[in-house]
Structure formats: C-alpha cells, structure tokens
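Numbering (full-length UniProt numbering), first residue to last: 1 to 466.
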C-alpha cells in the first residue's frame with residue numbers, strides 16, 4: 001500500500017466517526033464487489049481501506065501519517081467568469097447533436113425561433129443595464145432521451161406523439177445558452193459518466209473529483225441514472241440538481257419516510273429534495289418551481305394579417321394520433337354542422353378509420369405548416385388528451401379560440417390511468433387547467449362535451465365572435 005505500515009493502519013475509535021469500524025468490516029468482505037474500489041487504490045489491506053474511507057469517502061478520520069499539504073488542482077476554485085448574452089445559436093445546434101428524431105425536432109424548434117431569441121436577449125440585456133452576471137457551469141442531462149430509459153419519445157416524433165416535453169427541453173437549452181452559461185448536454189449514460197467524472201465500475205464509489213457543475217438540469221429518468229452511477233456523491237450534491245417534472249411533485253410524495261408510511265410511494269417521487277427543485281411545465285403549485293416554455297410573439301403586422309386572413313368557420317382538431325379520435329363522433333358531428341373541420345392526424349398509407357370522412361386531414365405537418373394552419377383557423381378544439389401541453393397556447397397566440405372538455409369528476413392519480421403512479425394527487429378539472437383559469441373567455445372555452453346542448457351553445461357563441 002502507498003506508505004503506511006500495519007501498525008499505522010489500526011482502525012481508529014473516534015466518536016466523531018462512529019461508522020468507521022463497520023465500514024472497514026464491510027470493505028474487508030466486499031471490496032471486490034465493484035472495480036471502482038481498485039480504481040481508487042484499494043488492494044485488500046486495512047491501510048488501503050482506511051485511506052479510501054478517509055479520503056475518497058468520509059467515514060473515517062484523516063490519517064496522521066498521510067501528506068495532506070498539497071491541494072489538488074481540481075480543488076482550487078476557478079475565477080468567476082462573466083456571462084454574456086449570445087444571439088448566434090450555431091454552436092448550440094452543434095452541441096445538441098444528431099442521431100435521434102427527437103433531437104432533430106428540438107433543433108428545428110431552436111432554428112425556427114432563433115430570431116425571436118436574439119431579440120429577447122437584446123431586450124433583456126438592456127433591461128438589466130448590462131449588469132455583471134456570473135457564468136454558471138451547467139449540465140443538462142435529458143434522461144428520457146437515453147437508450148437506457150427506453151427513449152420512448154424519438155419513435156413517436158414522426159407518428160404524432162405528444163411533443164410537449166421536447167418543446168420544453170429545447171427552450172430550456174436555448175434559454176441557458178442565450179443567457180451565456182457554460183453548457184454541457186448529455187443524452188446518454190456514457191456522456192453523463194464522462195461529464196461527471198464517474199469512476200469505472202458499478203456506481204458504488206463517489207466521483208473522482210469535486211462536482212464540475214454549478215447546476216444540473218435533468219428529469220426523473222436522469223435522476224435515477226445519476227443515483228445508479230454517482231454513489232454517495234448524489235446525496236452530497238443533491239442541492240445542485242433541478243428536476244424538470246411536467247406535472248409536478250407534491251411534498252407527501254417527495255418525503256421518503258412520509259411517503260412510505262402513508263401510502264404515497266410511487267415509481268417516481270421520494271427523493272427527499274427541496275420540492276422547489278422540481279420545475280413544472282405550468283405553475284400548478286407553489287410547492288414546486290415554474291419552468292415553463294416559450295410562446296411565439298407576433299408583431300403588429302403579423303397580428304393584423306392573421307385577423308385579416310382568418311376563415312370564420314374553420315376548426316383544427318388538437319389530436320395527431322388516430323387513437324385520440326375514438327368515440328368523438330357525436331360532438332364532431334355537431335361541430336361539422338357549423339364549421340369545416342381540419343385534422344393533422346398521422347397515417348402511413350390509408351386514412352385512419354377513426355377520423356370521420358368529413359374531416360379534411362392534412363396528415364402530420366411540420367411545425368411551420370401547422371402554424372400557418374392555425375393562423376387561418378378560428379377554432380382549436382381539444383379532445384381531452386394530451387393534458388396541459390404547449391399547443392393550446394401556441395394556437396391562442398395565433399388568434400384561435402381554444403375549446404376544451406371539462407372533466408366531471410376531475411382526473412387524478414386516484415381515478416385515471418394516465419396519472420396513476422405520478423407523484424401528485426392534483427385534480428385536473430379540464431384538458432388544460434392553466435388555460436381555463438388564467439386565460440379564460442373569450443380565448444378559452446371549457447364545456448361538458450357529454451352535454452350536447454352545452455357543446456352546441458359554445459360552438460354557436462364561437463361562430464358569433466369577431
């Protein structure tokens with residue numbers, strides 16, 4: 001062993017380190033269970049165990065005969081750098097990478113909104129009067145896009161699946177980049193390990209050095225992967241993590257002991273974070289933080305052109321997968337009496353049988369073309385799913401009225417399969433409660449679709465609106 005004789009390596013009895021002896025016993029029996037111990041110099045001797053447990057982990061006291069006078073370069077604090085706004089997104093697009101349809105979707109969104117991001121950056125720079133801001137080192141690990149989590153979203157991008165999460169992640173990446181932070185992006189466990197300095201092995205040991213980031217943005221999949229590969233370091237660095245969590249996490253589900261004792265334990269949750277570290281798509285609750293996404297801004301000329309070109313009896317259905325149209329014939333028939341109904345439903349060769357013959361189906365449209373369709377339409381109508389996505393706000397921004405179903409009773413993890421297992425008991429009163437509560441009439445109308453008279457009255461009212 002590096003230095004040290006057996007007499008210098010007796011297990012110390014120090015009340016400040018009560019777990020030292022039991023940890024040495026554990027190492028004697030199990031040090032070969034993970035190659036990471038050998039990576040840190042453990043060789044089966046008590047000296048190597050004590051060096052490891054005092055210098056890599058923190059269960060034993062520092063050894064008097066070890067030389068601690070030199071400070072490793074990694075521990076020297078680096079000088080703070082100023083964050084400068086960026087308006088050219090080329091380097092970000094290169095960083096996002098290729099090889100997944102989901103990444104291509106995110107890059108298309110970043111490109112499409114590039115000019116608006118540049119304008120927003122210049123505006124904020126003036127508002128802040130060019131004040132000094134610290135450049136943060138930030139890792140963004142998009143766990144749900146990793147192969148290890150199943151990457152369920154990439155195959156759905158071209159088949160009409162919900163894209164709300166990808167919209168939000170594209171906007172988070174762009175916002176952090178435009179604000180001038182030092183950004184690293186990871187969409188695989190291998191990249192995550194490399195960025196964090198994970199030692200080779202099975203994840204039992206801490207990181208090889210200090211955490212190289214001020215902040216880590218991830219999701220529940222990424223959090224699970226970090227737990228698997230960071231060992232004790234995750235607990236040590238928890239406060240640096242921000243979890244992008246669409247529907248939110250309530251305190252009862254976050255507190256491990258409470259969740260276990262009171263039946264709130266789910267596949268997610270129970271991480272014992274500060275609940276403000278969970279960041280949601282919409283501001284559901286003061287328990288969590290609100291991250292959001294961006295909605296396009298139209299200038300006065302665009303707004304005027306949209307109003308001039310609106311087709312008064314044109315409706316677009318919010319639902320790109322054929323399965324979303326099942327059982328919706330009754331109220332679609334009512335809508336068809338008054339309006340021309342358009343769909344953007346994915347199909348390969350044959351028109352989906354779930355889509356009625358009177359619907360003009362454009363197939364799955366690129367985002368730019370969908371925007372043009374929304375700019376012509378008067379009505380954007382939801383079927384109840386997907387919940388709380390960005391599309392209704394984009395439709396409203398393009399001058400549409402959003403018509404959506406009221407849920408009686410409200411949907412929640414207690415009565416609805418989609419929410420089952422999610423770390424919240426929040427009751428969702430409509431497809432988009434935020435639009436219902438904070439935007440409301442005349443831009444948003446929420447009605448009971450099971451009540452034909454109420455639905456038809458709403459359509460009448462929409463037809464009369466200027």
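C-beta: ideal position from N, C-alpha, C; glycine also.
Hey, residue i and residue j: beta-carbon distance below 8 Å or not?
i           : j           : result
residue 406 : residue 446 : yes
residue 214 : residue 138 : yes
residue 233 : residue 207 : yes
residue 411 : residue 419 : yes
residue 264 : residue 278 : no
residue 47  : residue 23  : no
residue 188 : residue 147 : yes
residue 167 : residue 390 : yes
residue 378 : residue 466 : no
residue 268 : residue 220 : yes
residue 324 : residue 380 : no
residue 140 : residue 173 : yes
residue 301 : residue 287 : no
residue 204 : residue 36  : yes
residue 386 : residue 402 : no
residue 404 : residue 430 : yes
residue 474 : residue 282 : With the chain covering only 1 through 466, there is no way to say anything about residue 474.
The alpha helix (DSSP H) that contains residue i, what's its start and end?
i           : result
residue 291 : Taken as a continuous stretch (DSSP letters only), residue 291 belongs to no alpha helix (DSSP H), as it is neither H nor E.
residue 323 : That residue, residue 323, is in no alpha helix (DSSP H); it is neither H nor E in DSSP.
residue 104 : 101-112
residue 39  : 35-39
residue 27  : 20-30
residue 429 : From DSSP, residue 429 is part of no alpha helix (DSSP H) but of the beta strand (DSSP E) over 428-430.
residue 465 : From DSSP, residue 465 is part of no alpha helix (DSSP H); its letter is neither H nor E.
residue 301 : 300-309
residue 96  : 90-96
residue 373 : 367-376
residue 51  : 46-51
Take residue i as the anchor and find which of the options has the nearest alpha-carbon.
i           : options               : result
residue 201 : 34, 358 and 403       : 34
residue 312 : 290, 302 and 400      : 400
residue 198 : 65, 231 and 359       : 231
residue 467 : 118, 131, 187 and 13  : Only positions 1 to 466 of the chain appear in this structure, which leaves residue 467 out of reach.
residue 244 : 59, 435, 265 and 290  : 290
residue 181 : 54, 340, 134 and 63   : 134
residue 424 : 46, 284 and 361       : 284
residue 365 : 344, 350, 348 and 382 : 344
residue 422 : 391, 246 and 140      : 246
residue 242 : 273, 434, 363 and 42  : 273
residue 461 : 275, 449, 441 and 451 : 441
residue 448 : 438, 459 and 439      : 459
residue 237 : 335, 211 and 223      : 211
residue 183 : 216, 203 and 205      : 216
residue 58  : 18, 296, 32 and 36    : 18
residue 370 : 124, 93, 332 and 316  : 316
residue 367 : 107, 131 and 66       : 107
residue 29  : 39, 15 and 44         : 44
residue 88  : 434, 258, 120 and 415 : 120
residue 66  : 339, 9 and 356        : 9
residue 136 : 361, 126, 79 and 357  : 79
Ends of the beta strand (DSSP E) at residue i?
i           : result
residue 257 : Careful: residue 257 lies outside any beta strand (DSSP E), inside the alpha helix (DSSP H) at 256-261.
residue 318 : 314-318
residue 343 : 340-343
residue 382 : 379-382
residue 244 : 241-244
residue 444 : 444-447
residue 280 : 278-280
Cβ of residue i within 7 Å of any heavy atom in the ligand GDP?
i           : result
residue 194 : The ligand GDP is not among the ligands present in this structure, which contains no ligands whatsoever.
Practice prompt. Scan the segment 119-170 and note each continuous beta strand (DSSP E) run of 3 residues or more that stays entirely inside, going in chain order.
Written response: The DSSP assignment places complete beta strand (DSSP E) segments of no fewer than 3 residues inside the segment 119-170 at 137-141, in order along the chain.
Discussion item. Runs of 3 residues minimum, wholly inside the segment 163-235: which ones carry the beta strand (DSSP E) assignment?
Written reply: Fully contained in the segment 163-235 are the following beta strand (DSSP E) runs of length 3 or more, in chain order: 182-186 and 215-218.
Worksheet item: Taking the runs of the beta strand (DSSP E) that are 3 residues or longer, which of them lie wholly in the segment 388-418?
Response: 401-411
Discussion item. Below 8 Å, how does it come out for the segment 391-400 and the segment 370-382: are there three or more Cβ pairs, yes or no?
Written reply: yes
Worksheet entry | Any 3 or more C-beta pairs closer than 8 Å across the segment 97-104 and the segment 151-165 | yes
Worksheet item: Hey, is the segment 157-176 in contact with the segment 319-328, meaning 3+ C-beta pairs nearer than 8 Å?
Response: yes
Worksheet entry | Three CB pairs or more closer than 8 Å across the segment 291-307 and the segment 258-275 | No, they do not touch.
Worksheet item: With contact counted as at least three CB pairs below 8 Å, one residue from each stretch, are the segment 82-99 and the segment 50-69 in contact?
Response: no
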